[in-house]
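What follows is a short report on a single structure.
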Amino acid sequence: MPKGVAIVTGGTRGIGLEITKALIADGYQVAAIYHGNEEAAQKCEADTGAKAYKLDVADFEACQKAAETITTEMGEIEVLVNNAGITKDGMMHKMAEENWHAVIETNLTSCFNMCRAVIGRMRTAGFGRIINISSINGQKGQFGQTNYSAAKAGMLGFTKALALESAAKGITVNAICPGYIATEMTASMNQDVLDGVIRQIPVARMGKPEEIADICVFLASEKAAFITGSTITANGGQYMAS
Ligand code: CAA
Numbered sequence: 695m696p697k698g699v700a701i702v703t704g705g706t707r708g709i710g711l712e713i714t715k716a717l718i719a720d721g722y723q724v725a726a727i728y729h730g731n732e733e734a735a736q737k738c739e740a741d742t743g744a745k746a747y748k749l750d751v752a753d754f755e756a757c758q759k760a761a762e763t764i765t766t767e768m769g770e771i772e773v774l775v776n777n778a779g780i781t782k783d784g785m786m787h788k789m790a791e792e793n794w795h796a797v798i799e800t801n802l803t804s805c806f807n808m809c810r811a812v813i814g815r816m817r818t819a820g821f822g823r824i825i826n827i828s829s830i831n832g833q834k835g836q837f838g839q840t841n842y843s844a845a846k847a848g849m850l851g852f853t854k855a856l857a858l859e860s861a862a863k864g865i866t867v868n869a870i871c872p873g874y875i876a877t878e879m880t881a882s883m884n885q886d887v888l889d890g891v892i893r894q895i896p897v898a899r900m901g902k903p904e905e906i907a908d909i910c911v912f913l914a915s916e917k918a919a920f921i922t923g924s925t926i927t928a929n930g931g932q933y934m935a936s
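The sequence shown: position 78 = 772 (the numbering used here), numbered continuously.
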């Protein structure tokens, strides 16, 4: 059944690409936001039928303009998935100030920028689905990730506050906390460190991007109308947050 427009930030690679594919399979038109990788963006468009838009999600004005452009070109935005994220790992005593700011701005400030750009029209429409892709490391903390853990934990508070503000307007706001998922991001980790992480996962494997995408499709659906302000963990049992 045809549905409206969904925006997926970081939607042309990794977990975001699978979210793009899954939402398209469910009937949405998807605007897949990318930042730098033109080749991946073109491949995503060709393979999935999504429309790729180049945007720095850390840039407030650019997010406002992108939301206007997407609405004009594709239609009303019903779903926003804040998935774009980067890592710049390092222990606190070695972390450059710029690596703190880059991770906070790209992973957390981006949620404000994108939500601020779409929330007014969702409120007027009386419907919306906002899904924030946080992380297990925002729940439990991670050695070498004070910046990333802070940003991802920040997304959880952000989700709950915006859920409260939006509930009466038919808009749900939820977070998903993936564990270690097989993507380029985890592939760039030191193999010994990654092997150590996998030993801590009770199901004894990394997650698949599709396993996160399927949760997104459910949260976006009418069936999930009573779920808001929630944090859904999908980490193979590595961290059983209540
Ligand atoms: N717990 C306790 N001690 C640890 C540790 C850990 N997890 N990791 C390293 N150490 C210890 C080391 O044994 C070492 O101790 P000694 O000096 O006594 O030998 C000390 O800390 C310094 O370790 P390194 O030499 O490895 O330090 P480094 O500065 O070279 O590297 C690091 C630090 C880059 C942060 C590295 O530890 C690392 O890559 N950690 C993994 C971070 C991680 O999990 N990132 C996830 C990326 S994927 C993602 O984020 C997606 C998602 O949402 C899940």
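The C-beta atom is built at its ideal place from N, Cα and C for all residues, glycine as well.
Note that this is a predicted model, so its numbers are computed, not measured.
Problem - Neighbourhood of GLN894 by C-beta, 8 Å cutoff - its chain only, sequence neighbours within 5 removed - result: Counting only Cβ-Cβ distances below 8 Å, and skipping sequence neighbours, we find GLN932.
Practice task
Use the C-beta contact count for VAL812: other C-beta atoms within 10 angstroms, 16 or more gives buried, fewer gives exposed.
Solution key: That one is buried.
Handout entry: Contacting residues, own chain, Cβ-Cβ under 6 Å from ALA918 (five flanking each side not counted)
Key = If we look at ALA918 and ignore the five residues flanking it on each side, its Cβ neighbours are PHE912.
Practice task
Please classify ARG823: is it buried, with 16 or more other beta-carbons within 10 angstroms of its beta-carbon, or exposed?
Solution key: By the neighbour-count definition (other C-beta atoms within 10 Å, threshold 16), ARG823 is a buried residue.
Exercise for the section: Measure the alpha-carbon distance for LYS732 versus LYS697 and round it to whole angstroms. Expected result: The residue you asked about is not Lys; residue 732 is Glu in the sequence shown. Going from the Cα of GLU732 to the Cα of LYS697 covers about 27 Å.
Exercise for the section: Give the DSSP-derived three-state secondary structure of ILE824 in the structure shown. Expected result: Shown here, ILE824 sits in a strand according to DSSP, grouped into three states.
Handout entry: Sub-8 Å separation of ILE825 and VAL775 beta-carbons
Key = Cβ atoms of ILE825 and VAL775: closer than 8 Å.
Problem - Nearest-angstrom Cα separation, counted from LYS759 out to LEU749 - result: In this structure, the alpha-carbon of LEU749 lies about 10 Å from that of LYS759.
Handout entry: Endpoints, alpha helix (DSSP H) assigned at GLU792
Key = Its alpha helix (DSSP H) spans residues 791-798.
Problem - Contact set for ILE921: own chain, Cβ-Cβ below 7 Å, skip 5 residues either direction - result: Hits under 7 Å: THR866, ASN868 and LEU913.
Practice task
Kindly confirm or deny that the region 840-849 and the region 786-803 touch, where touching means at least three C-beta pairs closer than 8 Å.
Solution key: Yes, since at least three Cβ pairs between the region 840-849 and the region 786-803 fall closer than 8 Å, the two stretches touch.
Practice task
Have a look at ILE718, GLY890, SER804 and MET768 and flag the residue whose alpha-carbon is nearest the alpha-carbon of TYR728.
Solution key: Nearest of ILE718, GLY890, SER804 and MET768 to TYR728, Cα basis: SER804.
Handout entry: MET879 beta carbon near ligand 1 (any heavy atom closer than 7 Å)
Key = At least one heavy atom of ligand 1 lies closer than 7 Å to the C-beta of MET879.
Problem - Inter-residue spacing [alpha-carbon to alpha-carbon] between CYS871 and ALA928 - result: Going by the C-alpha atoms only, they are around 6 Å apart.
Exercise for the section: Identify every run of the beta strand (DSSP E) within the region 746-791, keeping only runs that are complete inside it and at least 3 residues long; order them along the chain. Expected result: Qualifying beta strand (DSSP E) stretches, in chain order: 771-776.
Practice task
Please name the residue or residues paired with ILE727 in a DSSP beta bridge.
Solution key: ILE727 pairs with THR703 and TYR747.
Exercise for the section: Taking 8 Å as the cut-off, decide whether the C-beta atoms of ALA734 and GLY705 are in contact. Expected result: The answer is no: Cβ separation not under 8 Å.
Problem - MET879 beta carbon less than 8 Å from that of GLY730 - result: No; because the gap between Cβ atoms is not below 8 Å, this pair is not in contact.
Handout entry: Helix, strand or coil at ALA847 [DSSP, three-state]
Key = The three-state reading of DSSP puts ALA847 in helix, counting H, G and I together.
Exercise for the section: Grab me the residues of ASP741's own chain with a C-beta within less than 7 Å of its C-beta, minus the 5 sequence neighbours each way, in chain order. Expected result: Hits under 7 Å: none found.
Exercise for the section: May I ask you to check if the CB of TYR933 is nearer than 7 Å to at least one heavy atom of ligand 1? Expected result: Result no, Cβ not under 7 Å from ligand 1.
Problem - Opening and closing residue of the alpha helix (DSSP H) in which ASN807 lies - result: Per DSSP, ASN807 belongs to the alpha helix (DSSP H) from 804-819.
Handout entry: Per-residue DSSP class, three states only, for ASN831
Key = In the structure shown, ASN831 sits in a helix (DSSP, three-state: H, G or I).
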